[in-house]
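Numbering (the working numbering), first residue to last: 45 to 991.
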C-alpha cells in the first residue's frame with residue numbers, strides 16, 4: 045500500500061509540474077453546472093405528477109355520486125310545499141302552473157343578446173365552463189371572501205337549478221362543472237339557452253320564464269314585442285328580482301337596466317348611441333297595470349321565496365322542496381283582517397299600512413301586513429318599502445349607543461335649548477319650544493329632537509353607526525349623500541322598512557341578543573338533504589343597555605308626557621316609540637300640502653314576547669297626506685289591536701332587570717349632574733332611575749338644604765321682626781260695674797290690622813271665653829252676682845296680654861258707686877279715667893243699643909248716647925235712666941253702636957255683641973229690680989284698664 049501511495053503522490057506532483065505557470069496550484073477543481081436545477085425540476089415534476097394523480101382521483105371521487113343528466117328534469121318542474129310554524133300544516137304548494145314555455149326561434153335576438161351580455165358573454169365560446177371567468181371570480185373571492193362573485197356560466201346555472209343542492213361547497217362546484225360539460229355534449233347552445241330563458245325566476249307571484257315575465261311586466265302578448273329597454277330591464281332582474289323590480293323599486297331598476305345596456309354596448313351587441321337612447325326611457329313608462337290579486341298567505345310566501353332563493357340558490361317553484369316557515373296562521377289571518385278594513389276603519393282606499401310581527405326570542409316572523417288592496421307582485425309596504433323612520437330611530441342611533449358606550453343612566457340630564465347641528469344648521473323640536481333640563485327618559489318620552497342630537501354627538505357618529513349595524517340597519521352612503529347628524533332624528537334619504545325596524549327593536553326585548561328576522565327555518569331537498577336556515581343569534585348590545593332602553597320606552601307608553609299613551613293595554617307590559625316624518629318643501633308646494641301634513645307615521649312597540657313595527661301613510665305624495673286624528677293615530681291603533689289579539693291565551697311575561705343594573709332615587713335634573721336627594725328635597729322632585737352598576741351617583745344634593753337654611757334664616761329674621769313688632773303692641777282692657785251690669789272693653793295701642801283678641805272671664809261660675817276676633821271691642825255682663833269679683837283677660841295673637849277685674853257691690857244702694865278696680869299690676873289708672881256720670885247721659889238717638897234692662901214699669905230702655913268728652917265712640921248700653929218710651933229707635937248691624945258721653949273721659953271702641961243680635965229685645969217674663977240679685981243690671985262703660 046505504501047508503494048501505491050508513493051506512486052500516486054509522485055503522479056500528482058508530476059501533474060502539478062505540467063500546469064502552466066501563473067496558475068494557482070492549490071485552487072480546487074470546479075463542479076459541473078446544472079446539477080441543482082435539474083434536481084429542482086425533477087422534484088417539481090414529481091410533485092406535479094403526484095398532485096395530478098391525487099387531483100384526478102379526488103375529481104372522480106367527487107363526481108362519482110353526481111346525478112345523471114335527465115331530460116325530464118331539465119324540461120319539467122316539481123312543486124314545493126310550504127309549511128306553517130307547527131311543521132305539519134301545508135299552507136301552500138307552489139309550482140310551475142304560471143309558466144309559459146317559448147321556443148328558441150320565438151325569442152327575439154335583442155332578448156338573447158341582453159341575457160348573454162349580462163350573464164355569460166363567452167357563452168358561444170366555452171364548453172360549459174369558462175375558465176377565464178372563473179379566474180376573475182377567484183380574484184374577487186380572494187379579495188372579498190368566498191362567494192363574493194360567481195363564475196357560473198348559463199350552462200352551469202341550468203345544471204344548478206335542475207340537479208344540484210344549493211350548498212356552496214367545492215364538491216358541489218366540481219359536480220356542477222362536470223355536469224355542465226356533460227350538458228354541452230348532449231345539447232346544443234340554442235337548446236341550453238332555451239332551457240335557461242324558460243326556467244329563470246323573474247318576480248314574486250310565480251313569474252317564471254321570459255314569456256311570462258314579458259306578459260307580467262309589459263302586458264305584451266308575445267316576447268317578440270319587447271323593445272330594447274324592456275329586454276334590458278328583464279335581463280337585469282334575475283340577479284335580485286325584488287331589489288330590481290321596476291314596479292316597486294324604480295330607482296334601483298333604472299340603475300340595473302342601464303348597467304345591462306352598457307354591457308350590451310361594451311360587447312358589441314348594440315351601439316353606444318342605441319344604449320344612450322334606451323336609457324332615456326322611464327323605467328315605468330311601459331309597465332302594465334298590475335291587476336292580479338293576491339291569494340291567502342301570498343304576502344308571507346313571497347318573503348319565503350325570496351329567502352330560499354337568496355340563501356340556497358334553489359328554485360322553490362321547480363326544485364320540489366319542503367320549506368318550513370315561522371308563519372303563525374292565527375296571527376296572519378288577523379293581520380289580513382286588519383288590512384282588509386275588518387278591524388280598524390281606514391280613512392280612505394289610498395291610505396296604506398305595512399306591518400311585521402316578530403317573535404322576540406327567535407326572530408321568526410309571525411305575520412306580515414304587506415299593504416291594502418295589494419296585487420300580486422305589487423309593492424310590499426312591510427318588506428320592500430323604505431321610508432324615513434322619524435323619531436323611531438332615536439333608541440337605535442341616540443340613546444342606545446350612549447348607554448352602551450358611555451354608560452348613561454335613564455336619568456342622564458340633557459338640556460333642551462336652542463341648538464344647531466355641527467354645520468350651524470338650526471334644529472328644532474316639533475313643538476317649537478324648549479323644556480330646559482330634562483332626563484334622557486323624559487326627552488325620549490316627549491320625543492324631543494335637541495336632546496336626541498346631543499346624545500348622538502356625545503357618543504359619536506361612528507359608534508352610533510356601529511350600534512345600528514349590529515341591529516341589522518345599513519347606514520352606508522345612499523345616492524351620494526353621506527350618513528350625517530340628521531340621521532339622529534330620522535332624516536334618512538332612502539329610509540328603512542318595517543321588517544328592519546321590527547328586527548332591531550326585538551333585540552331590546554331579547555336582552556340585547558339580535559336575531560335577524562326570518563320566515564324560513566329549514567329546507568329539505570328531494571334527495572333528503574336538509575339545510576338549517578335559522579339565523580344564529582348575536583349580541584348586539586349589553587344586557588344593561590337593552591333593559592334600560594326598554595324601561596325608557598315604557599315611559600313613552602305609560603307616563604303622562606308619553607307620546608304613545610294610546611297603546612296602553614291592560615295586562616300587557618308594553619314599550620315602544622312613535623315617529624313621524626314630513627314632506628319636503630318642494631313636495632308641499634307641488635301637491636298643496638299644508639304645513640301640518642305628515643308623510644309617514646310609525647309606531648314600533650314590543651312586549652316581552654312580540655315586537656310589531658307599523659308604518660302608515662300614502663304610497664306617493666300625490667295620493668295624500670296624514671292630517672286627521674284618525675290618520676295620525678292609525679299606527680298605534682293597529683299595533684294595539686294586533687298585540688292584544690296575538691297575546692290572548694299566552695303567558696304575558698315581563699322585562700327582567702339584570703344584575704348589571706341598579707335602581708336609585710335621584711333629584712330630577714336641574715343641571716348637568718345627577719345627585720341623590722337630601723332630606724330637604726320635595727317628594728315631587730324625587731324620581732327613580734336606572735344605572736349601570738357602579739355608576740350611580742353618591743353625592744347628596746345640597747340644593748334644597750341650602751334653600752332650607754336660607755328659608756330658616758329668613759324665618760328667623762321675620763320672627764325677630766315680628767317679636768319686635770309684637771313688643772310694641774300693648775293690649776288694654778277695662779271692667780267696670782254700674783247700673784246693675786259689668787261693662788268690659790278692650791283695645792290695643794299700635795295694633796295692626798290683623799291683630800286679633802281673645803277675651804276670657806273668671807267668675808264664681810267658672811271661666812269662659814267672652815269673645816274672639818279681630819279688632820277692639822266690648823261686652824256687657826248683665827245680672828252679675830252681688831259681692832262677687834269678676835276678672836277679665838285679653839290676649840292678642842302676638843302673645844301680649846292685659847287683665848282687669850271688678851267687684852260687684854253687695855247691696856243695691858251701692859249700685860251707683862264706682863266699683864271699678866285699679867290695674868292689678870301696679871294700681872295706676874288710665875290717663876282718662878272717668879267718674880260715673882250715669883245720670884247725665886243724653887239720649888241723642890244716634891244708634892240703637894243692643895242691651896236692655898228690665899225696669900219696674902216693664903218698659904224697654906232705649907239708650908242712645910253722644911260722647912262729648914272724647915274722640916272715641918263707645919257703646920254705653922243702658923245708662924240707668926228710665927225712658928218712658930215703648931219704642932226703640934236706631935239701627936246697626938252689630939246691634940249696639942251708640943255713643944256714650946263721659947265727662948272728660950276716653951271711651952273704648954264698640955263691643956262685639958252686648959246681648960242679642962237684634963235691635964230690640966223681648967223683656968224677661970219676670971221683672972227684676974237692680975237691688976234684686978237676680979235682676980239684670982244696666983251696663984255702664986268704665987275706662988279702667990290694666991296693661
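From the three backbone atoms N, C-alpha and C, an ideal C-beta is built for every residue, glycine too. Just so you know, these numbers come straight off a predicted model, no measurement behind them.
C-alpha of residue 577 to C-alpha of residue 355: approximately 8 angstroms in a straight line. In this structure, DSSP gives residue 81 a helical state, which the three-state scheme calls helix. If you look at residue 136, you'll find it in the beta strand (DSSP E) that goes 134 to 138.
The residue among 453, 274, 446, 434 with its C-alpha nearest the C-alpha of residue 473 is 434. By the C-beta criterion, the region 513 to 520 is judged not to be in contact with the region 624 to 641, since fewer than 3 inter-stretch pairs fall below 8 angstroms.
A residue is called buried once 16 or more other Cβ atoms fall within 10 Å of its Cβ, and residue 378 is buried on that count. Excluding the 5 residues flanking it on each side, residue 679 has same chain C-beta neighbours closer than 8 angstroms at 397, 622, 645, 646, 647, 658, 659, 660, in chain order. Distance from the CA of residue 573 to the CA of residue 368, rounded to the nearest whole angstrom, comes to 14 angstroms. Between the region 397 to 414 and the region 538 to 556 there are three or more inter-stretch CB-CB distances shorter than 8 angstroms, so the stretches are counted as touching. In the three-state scheme derived from DSSP, where H, G and I count as helix and E and B as strand, residue 574 is classed as strand. Taking the Cβ atoms as the reference, residue 253 lies roughly 33 angstroms from residue 431, outside the contact range of under 8 angstroms. Of the residues assessed, residue 126 falls on the buried side of the cut-off, its CB having 16 or more other CB atoms within 10 angstroms.
Residue 502 and residue 481 have their C-alpha atoms some 16 angstroms from each other. Contact between residue 804 and residue 848 does not hold, since their C-beta atoms are separated by about 12 angstroms, which reaches or exceeds 8 angstroms.
Bounds of the beta strand (DSSP E) holding residue 708 are 705 to 711. Residue 568 and residue 200 have their C-alpha atoms some 22 angstroms from each other. Here the C-alpha atom of residue 640 lies approximately 27 angstroms from the C-alpha atom of residue 459.
The region 545 to 560 and the region 484 to 496 do not touch, with fewer than three beta-carbon pairs separated by less than 8 angstroms.
Here the alpha carbons of residue 324 and residue 671 stand approximately 37 angstroms from one another. Shown here, residue 805 sits in a strand according to DSSP, grouped into three states. The beta-carbon separation of residue 290 and residue 331, rounded to 6 angstroms, stays under the 8 angstroms limit for a contact. For the pair of segments examined, the region 441 to 450 was found not to touch the region 420 to 429: the number of CB pairs separated by less than 8 angstroms stays below three. By the criterion of at least three beta-carbon pairs nearer than 8 angstroms, the region 374 to 391 is in contact with the region 406 to 422. Per the C-alpha coordinates, the member of 151, 742, 348 positioned closest to residue 265 is 151. The count of Cβ pairs closer than 8 angstroms, one atom from the region 156 to 169 and one from the region 222 to 241, reaches three, so the stretches are in contact.
The shortest CA-to-CA distance from residue 171 to any of 138, 160, 224 is the one to 224.
Here residue 202 is near residue 227, since their CB atoms are less than 8 angstroms apart. Annotation note: the region 361 to 398 contains the following uninterrupted beta strand (DSSP E) runs of length 3 or greater, listed N- to C-terminal: 366 to 369. When DSSP assignments are scanned along the region 221 to 299, the uninterrupted stretches of alpha helix (DSSP H) that are 4 or more residues long and fall wholly within it turn out to be 233 to 243, 254 to 262, 272 to 280.
Residue 744 sits in a strand when the DSSP states are folded into three classes. DSSP places residue 179 within a helical segment (H, G or I) once states are collapsed to three. In this structure, the beta-carbon distance from residue 439 to residue 591 does not fall below 8 angstroms.
Each of 272, 797, 297, 667 was checked against the Cα of residue 284, and the nearest Cα belongs to 297. Residue 720 holds the alpha-carbon nearest to the alpha-carbon of residue 747 among 737, 720, 734. Secondary structure note for residue 457: its beta strand (DSSP E) is the uninterrupted segment 457 to 460.
The Cβ-Cβ distance between residue 620 and residue 597 falls below 8 angstroms.
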